[in-house]
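Per mature numbering (1 follows the signal peptide of the UniProt record, and there is no 0): the sequence shown = residues -25 to -1, 1 to 123. No residue lacks a Cβ here, since even glycine has one placed at the ideal position from N, Cα and C. For clarity, every value in this text was computed on a predicted model and none was experimentally measured.
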Amino acid sequence: MTIRPFPACAALAGLALLLSGCSVTRTISAGAYRTAVADGTVAELRRLGITAERRPQCHMPDTGSPTVVRITCTGRTVTGQPIGVRGVVTAADTSRPDEHYVITVAGREVLRKSCLGLGCTAQHTPVHQHEPRYENGQVPEKPARHDG
């Protein structure tokens, strides 16, 4: 499968313009945004040395507001670890939407950014002191919690 780079922000701009349009156009725009976020997730994980098994599956729950868009995605790494993506966009109906995305692998946050994908120039908010590169694409398990 070839995954083409397409910044999520570009798809979101199209989605924002069409939020109040006809249902067919909204459906096409929502599909383009889901694809852009999924492809952006794959690209961001690749930068961290993590390989997705395939493009994550994304859905957009109804927020009841034309100004707020939420997206969640799930997938797996080639080593079988779960991938999760949460995104929220406010001011989605404007020319300058405010985007926030968090990607987790095996329940651990690996990335937090305001855009995703190869066209994204935003720096990610560091989760670790250094840019993590995961050996064999494997994210270490969370340490056990001690209650005492």
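query: Neighbourhood of E28 by C-beta, 6 Å cutoff - its chain only, sequence neighbours within 5 removed; result: R51 and V53
query: Inter-residue Cα distance where the pair is I78 and I46; result: 12 Å
query: C-beta contact flag for G59 and T49 at 8 Å; result: yes
query: 8 Å contact criterion, which P57 and A66 should meet: CB distance rounded; result: So it is not a contact: roughly 31 Å between Cβ atoms.
query: Alpha-carbon to alpha-carbon, E19 and H34; result: 19 Å
query: P57: first and last residue of the uninterrupted beta strand (DSSP E) it sits in; result: P57 to T65
query: Alpha carbon of G92 to alpha carbon of D14, nearest angstrom; result: 7 Å
query: Backbone CA spacing between P36 and A97 [nearest angstrom]; result: 26 Å
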